[in-house]
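Below: one structure, written as structure tokens.
Residue numbers (UniProt numbering): 1 to 255.
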């Protein structure tokens, strides 16, 4: 009798599940896994919302690779770009910076699986132009001295009317408008900077990824005053050298 009574109690004690509790969730893991093929991890440095499909279409429209490539979304504003050829990947890296809707795209090679919170995409190379190389300075020494303040010179070009150097910019920091250079403690010269393919940036705080109206670094009361007399301007933009990008592409394909 006791055993049969026990069976009755077990039946009464069964849990009745709600419909919501019967749903099985599938959540993506926190790991970003690389492909066996040449792979880039990338993000768009912007505070604006955008359609990932429009990003895919845009990049496939402007990148003229020898073989096809695939763009996979692996997180919020995080993509894997998988190439068939290593040469195509190198060509894309050589052509940096690339823009999407006036925002900079940040890339890095992905060799192994990584936790999403360990991925740091915060810098990109840019060509910086100095309109006139000052006669009182040796051109090569001047470029290397300036480049050292950016962490080093990736490449440089010296012409009769201007000089250029390729440096890495931290997109979290304000753009630098120039630098004072001197050969002694008395005389100093202001050397203004211009950047090729500069993305959208704030005329108030000088950071990339947003405009003055969306800037969180500046209180609203100051924005109107800054808009009338901005700290930064389009004078920071230099003309893009499309010929150089084509020559880079040609050199990579030759390799």
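Just so it is clear, CB atoms sit at the ideal spot from N, CA and C, and this is done for glycine as well.
Does the separation of the CB atoms of residue i and residue j fall below 8 Å?
| i | j | result |
| --- | --- | --- |
| residue 204 | residue 188 | no |
| residue 193 | residue 130 | yes |
| residue 97 | residue 126 | yes |
| residue 169 | residue 109 | no |
| residue 100 | residue 58 | yes |
| residue 46 | residue 211 | no |
| residue 178 | residue 186 | no |
| residue 85 | residue 102 | no |
| residue 42 | residue 105 | yes |
| residue 32 | residue 119 | yes |
| residue 171 | residue 231 | no |
| residue 196 | residue 238 | yes |
For residue i, which three-state DSSP category applies?
| i | result |
| --- | --- |
| residue 164 | strand |
| residue 38 | coil |
| residue 150 | coil |
| residue 119 | coil |
| residue 48 | coil |
| residue 184 | coil |
| residue 25 | Reliability of the predicted coordinates at residue 25 is poor, the pLDDT of 43 falling under 50, and no value is obtained from them. |
| residue 109 | strand |
| residue 54 | helix |
| residue 227 | helix |
| residue 233 | coil |
| residue 139 | helix |
| residue 222 | helix |
| residue 64 | coil |
Tell me, which residues are paired with residue i by DSSP?
| i | result |
| --- | --- |
| residue 114 | 32 |
| residue 178 | 192 |
| residue 156 | 165 |
| residue 81 | 40, 71 |
| residue 91 | Looking at the DSSP assignment, residue 91 forms no beta bridge with any residue, so it has no partner. |
| residue 130 | 163 |
| residue 238 | 196 |
| residue 104 | 99 |
| residue 201 | 208 |
| residue 170 | 123 |
What does a CB cutoff of less than 7 Å around residue i pick up in its chain, not counting 5 residues either side in sequence?
| i | result |
| --- | --- |
| residue 235 | none |
| residue 56 | 71 |
| residue 174 | 205, 206, 207 |
In chain order, what residues of the same chain have a beta carbon less than 6 Å from the beta carbon of residue i, not counting five sequence neighbours either side?
| i | result |
| --- | --- |
| residue 82 | 35, 37, 39, 70 |
| residue 30 | 115, 116 |
| residue 150 | 167 |
| residue 182 | 188 |
| residue 165 | 128, 143, 147, 153, 156 |
| residue 65 | 88 |
Going along the chain, which residues of its own chain have a beta-carbon closer than 8 Å to the beta-carbon of residue i, five neighbours each way excluded?
| i | result |
| --- | --- |
| residue 163 | 129, 130, 133, 139, 142, 143, 156, 157 |
| residue 24 | Here the model assigns residue 24 a pLDDT of 48, short of 50, so the residue's position is not dependable, and the following value carries that caveat. Around residue 24: no qualifying Cβ. |
| residue 233 | 203 |
| residue 180 | 188, 189, 190, 191 |
Please determine if the segment 111 to 123 and the segment 80 to 91 are in contact, where contact requires at least 3 C-beta pairs separated by less than 8 Å.
no
Can we say the segment 221 to 236 touches the segment 189 to 204, given the rule of at least three CB pairs closer than 8 Å?
yes
Is the segment 145 to 156 touching the segment 65 to 84 in the sense that three or more CB pairs, one from each, lie closer than 8 Å?
no
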